[in-house]
Amino acid sequence: MMKQKTRQNKNKNSFSADLQQKKEKENAKKREISISPRIIKLMPFIYGALFCIISWIFLTYSNGDYLYAVQERSLFLDTSQFFEERTSVPGGFLEWVGCFLTQLFYYPWLGALVLVLLWGIIIALSFRAFKIPAKCAVLTIIPPALLLCSVVDLGYWMYYIKLPGYWFTGTVGFTVTVLATAGYTLLKTKTAAREAVLLLWTCLAYPLFGWYALLATVYMLIIDLTEKDLDTSRKAVRSVVAILSIILVPIASYYLLYSGTRMADMWKAVFPIFESSRVISTSLSLPFVFMALLPAIYLALSRLLQTKGGCSPICGKSGTLRFAVAQLAVIAVVVAVVRGGWYDNYNFHSEHRMYKLADEQKWEDVLVEMAANPGTPTRQMVMCKNIALMKVGRCGNEMFRYSNEGEPPYVFDSLRVKMVETAAPMIYYNYGRCNFCYRWCIENSVEYGFNVNGLKYLIRSSILSGEYKVAEKYINMLKHTTFHKEWAEHFEQFVRNPKLIAQNEEFKLILPLRKFKDVLDGDEGLCEMYLLNYFSNSQNPEPMFQEQTLVYALVSKDIDRFWKRFFQYATLHIKEPMPIHYQEAAFLYGNLEKTVDISKMPFDRDRILGRFANFQRASQMYAREGMSVEQMGEAMRPEFGDTFWWFYFFCKGVKSY
């Protein structure tokens, strides 16, 4: 009887255990996400296609102005001399290819398309090269995402990077690295050909691709070291071959081919180094460091995880909640890295748009872009705005309708941006200071290399200076580009027939500013301060030139100079109405110092007399409320920010650069 009861209890316990297991299995199934094996196999294509499409849209529509500026600051010539110059350094062929592809950003959509197609190739090859399972396909988008970050994270470093073709060298170099690694895996593990390939690859590829060739050698070595079927002695031999190749090939290349390169730089040839004469930035090199390390980690983990059922210990089984969370976590990290690295400063992108419009002589559009600025512009933008107003002849009525405060460019490190290195040639050229335009084009070219933008302003300034042979030399260079031949041929006509210069609309607006003795004095690297002193201290009967002396007298807030320039302007424009800002300054200075009798001047009743009375009442009211000068300025900006009075009292501490 007791045995029967015991048997019944055992059966009951067994039944309960089975029931509990069934419930757990059912709960596990509920937590699973139904993903068919076919979809798992397609995941590499899905992730690759989505990444490339999103990246292309991001580059084209959010960074198009920046990409266009990039190709203007680069140069590719279809000449043997240019090829020889580029290939005179280790990895020079990669630089040459990078320059060739960078010029495609003339059409931002085209350059971006080529870039993302190369990233797609990297993603496709990564599965073969780095032994990544299809279910972990999301990992393959990380290196291209780092390359995307390296393209959009530069900011003002774009003016100081000394690696030709930078925007494509990383992508093309890593594509070659992955391709070579994938090809290496096609060789049989135990064949002696692998030792020969390690040596030959390093010897032949290093002069072409620099450190990317050495990186591929490292990946090949890791593949051999993680092979389960390869004996220890074979691994040791390949390790010796690879390590000696990495050490000795750059040394031999230095003595045989590249003695002009520093020995210490041989192992980092074509690796992006971010340094100017004033600062070195290591943060911008990090995407390339992580890009190089990740595949090595993939290779090491791929062998380890194969003994534990693929990448299940990390990613979870296909179709589980853990699997989905792991995929989403990687995507979230990728998005965060790209978004965090993207230099999306509004003024930076607006500067590029304004510069392009100014280069195309679209001055009304420059003013539209300036008016759209939601915050404080940079001093470069203010200078560009002043040039546009000069060109359209509305300085006296509109120069204070736009912000005149200006601020230095925003930088994420200690880089010191100087206007002479970003926009001075364009600014000097449009103010007729062709010697300074030419000087800074040459100085920047010596430091950072010739580029399309620099050649254009060398041509323009040489033509206006009458240096036609010099202009022809640079025109011939530009005629060897892909997208700027027509521009060069257009300006070539002025070299062939100088009489056409006075008839050209662009030159017509600069020639009046050149009626002086053009000598090369010093600006001490401060473009804006030089022009401020130059115009405010100049006297010239040419109406366009003379008005700029008055404009800069206003900006400098020099009362004595203002009155001299004001009366000269009134004499030159005796039959024209006095512009409103000049009236504002005359009325203010006349009331402040009483040195000039303004009682008989015909000031505008509403816009000057009535509005100045309102300005005084508002300032007195805010002063009684105990506001500081800064607080008063902000409070009065909406009503009076477009007047010279507001500029005179509240726009202070402006720093040029």
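Our numbering puts the sequence shown at residues -6 to 650. Every residue gets a Cβ at the ideal spot worked out from N, C-alpha and C, and that includes glycine. In this text the structure is predicted, and so the values were computed from the model without any measurement.
Under 9 Å, do residue i and residue j count as touching if we go by C-beta distance?
i	j	result
TRP49	TRP89	no
CYS520	SER649	yes
CYS434	SER454	yes
GLU540	GLY333	no
THR564	PHE608	no
ALA322	CYS377	no
ILE552	GLN576	no
LEU651	PRO280	With the chain running from -6 to 650 in the structure shown, residue 651 is simply not present.
GLY113	ALA42	yes
THR371	GLN96	no
PHE44	ILE116	yes
ARG507	CYS430	no
ALA616	PHE633	no
ASP531	PHE560	Note that residue 531 is Ser in the sequence shown here, rather than Asp. Not a contact, by the Cβ cut-off of 9 Å.
PRO83	THR219	no
LEU147	TYR339	no
PRO402	TYR582	no
ALA578	PHE596	no
THR182	ASP222	yes
MET256	ALA351	no
VAL385	GLU357	yes
MET369	GLU400	Just to set this straight, residue 369 is Thr in the shown sequence, not Met. Yes, the pair counts as a contact, with Cβ atoms nearer than the cut-off.
LEU87	VAL263	yes
TYR424	LEU524	yes
GLU436	VAL410	no
Per DSSP, residue i is paired with what?
i	result
PHE267	SER274
GLU400	THR371
Count the other C-beta atoms from every protein chain shown that fall within 10 angstroms of the C-beta of residue i, then say buried if there are 16 or more, exposed otherwise.
i	result
GLU517	exposed
MET36	buried
LYS449	buried
LYS301	Reliability of the predicted coordinates at LYS301 is poor, the pLDDT of 48 falling under 50, and the value obtained from them is presented with this limitation in mind. Flag for LYS301 reads exposed.
MET259	buried
LEU193	exposed
THR225	exposed
GLU65	buried
LYS501	exposed
MET383	buried
ILE290	exposed
HIS477	buried
SER143	buried
SER529	buried
ARG31	exposed
GLN74	exposed
PRO572	buried
ARG630	exposed
ALA209	buried
ALA481	buried
GLY166	buried
HIS345	buried
TYR199	buried
ARG24	The predicted position of ARG24 is uncertain, since its pLDDT is 49 and thus under 50; no value can be drawn from it.
GLY515	exposed
Ranges of the beta strand (DSSP E) found wholly within the stretch 303 to 366, counting only runs of at least 3: none
Stretch-stretch touch, CB-based, cutoff 8 Å, three pairs: the stretch 211 to 218 with the stretch 155 to 167: At 8 Å Cβ cutoff, the stretches do not touch.
Segments of 3+ residues assigned as beta strand (DSSP E) that fall wholly inside the stretch 439 to 488: none
Minimum length 4: unbroken alpha helix (DSSP H) runs contained in the stretch 530 to 578: 536 to 549 and 552 to 565
Segment contact, 8 Å Cβ cut-off, at least three pairs: the stretch 53 to 64 with the stretch 230 to 240: no
Start-end ranges of the alpha helix (DSSP H) lying completely within the stretch 209 to 260, minimum 4 residues: Listed in chain order, the complete alpha helix (DSSP H) runs (minimum 4 residues) inside the stretch 209 to 260 are 225 to 249.
At least three beta-carbon pairs within less than 8 Å, the stretch 588 to 602 to the stretch 625 to 633: no
Touch test, the stretch 197 to 208 against the stretch 161 to 178, Cβ-Cβ under 8 Å, three pairs minimum: yes
Whole alpha helix (DSSP H) elements within the stretch 51 to 106, 4-residue minimum: 57 to 65, 73 to 79 and 85 to 95
Length at least 4, wholly inside the stretch 113 to 185: the alpha helix (DSSP H) runs in chain order: 135 to 145 and 159 to 178
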